[in-house]
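Chemist: Attaching a single structure in structure tokens format; questions to follow.
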Amino acid sequence: MAIKYSPTVIEHFTNPQNVGEVENADAEATEGSPACGDMLTFTLRVNPETHVIEDVRFRSYGCASNISTASMATVLAKGSTVEEVKRFNAKTIAEKLGGLPSTKMHCSVLAVNALKSAIKQWEIKHGLAEEEEIQCNETTIKKLLKHVINPATGQNIVNSEMINYIKIDNAKVFVEIYLGDTDDMYAENIREEVTETLETMKCLDEVVVRILDRRKTEIKEDNGNH
37 MAIKYSPTVI EHFTNPQNVG EVENADAEAT EGSPACGDML TFTLRVNPET
87 HVIEDVRFRS YGCASNISTA SMATVLAKGS TVEEVKRFNA KTIAEKLGGL
137 PSTKMHCSVL AVNALKSAIK QWEIKHGLAE EEEIQCNETT IKKLLKHVIN
187 PATGQNIVNS EMINYIKIDN AKVFVEIYLG DTDDMYAENI REEVTETLET
237 MKCLDEVVVR ILDRRKTEIK EDNGNH
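Using the numbering used here, you'd call the opening residue of the sequence shown number 37 and step up by one each time.
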């Protein structure tokens, strides 16, 4: 079944705004996974006195939704203050695009995360924030997993109470997820998103994700899915 996109999504895909790199950028950040193809880089320039984002550009290596969400993110960010942009979330971008298919909401999450990462780099550079030392604990992992969207509902897997347990054993983390009423077809998408999200934690050497269907039977990993 073909994915249906809003006219605004199509417009930002066929005619993306602010593509490229900002010359003499104040900050740069890249988010995403080269393994699955969705990568996004933002560069920006911020007025040091007003904290207004004067220019922001992106480079996208992904699907139509990846390009469209990044394009819209730059349109909304340009001319806004750093504090205003820090209040953006995935829903902000999706709504401005006239909605996104639930299977593509992760692209909106990626755009927001990458943009906020660039802002964080700018804040650190100007002494407005400090590098955070990532704590390898359940609280940090759950915070990160709030960025993982259930494609069937468009909601994150933490607030949807899909996580059965998280166990950390030295540098290895085990995560069990219960799909409930979510169709099994989304299992690999969720598994990949969880794995890629947690692999960003330098304190972890291995991520093991176990997914249970509505009958609480384990869904084995499809190693040929990539």
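Don't be surprised by glycine CBs; every beta carbon is placed ideally from N, CA and C. Fair warning: this is a prediction, and the values are worked out from it, not measured in the lab.
Give the secondary structure of M237 by DSSP, where H, G and I count as helix, E and B as strand, and everything else as coil.
Modeler: In this structure, M237 counts as coil in the three-state DSSP scheme.
Chemist: Residue ranges of each beta strand (DSSP E) run of no fewer than 3 residues wholly in the segment 146–219, ordered along the chain?
Modeler: Counting only runs of 3 or more, we get 199–205, 208–214.
Chemist: Buried or exposed: R123, going by 16 or more other Cβ atoms within 10 Å of its Cβ?
Modeler: Exposed, since its Cβ has fewer than 16 Cβ neighbours within 10 Å.
Chemist: Looking at the structure shown, is V58 part of a helix, part of a strand, or coil, going by DSSP?
Modeler: Three-state result, V58: coil.
Chemist: Measuring only the C-alpha atoms, how far is I247 from R81?
Modeler: Straight-line Cα distance between these residues: approximately 42 Å.
Chemist: Please go through the same chain and pick out, in chain order, the residues whose beta-carbon is closer than 7 Å to the beta-carbon of L234, but skip the five residues on each side of it.
Modeler: Around L234: I177, L180, V209, L240, V243.
Chemist: Among residues of its own chain, excluding the 5 on either side of E167, which ones have a beta-carbon nearer than 8 Å to its beta-carbon?
Modeler: Once the five neighbours on either side are set aside, the close Cβ partners of E167 are I160.
Chemist: Run the CB neighbour count on I34, radius 10 Å, all protein chains shown included, and call it buried at 16 or more, exposed below.
Modeler: Only positions 37 to 262 of the chain appear in the structure, and residue 34 is not among them; the question remains open.
Chemist: Quick check on the burial criterion: 16 or more other C-beta atoms within 10 angstroms. Buried or exposed for S221?
Modeler: Contrary to the premise, residue 221 reads as Met rather than Ser in this sequence. Exposed, since its Cβ has fewer than 16 Cβ neighbours within 10 Å.
Chemist: Would DSSP call S138 helix, strand or coil?
Modeler: If DSSP states are grouped into helix, strand and coil, S138 belongs with the helices.
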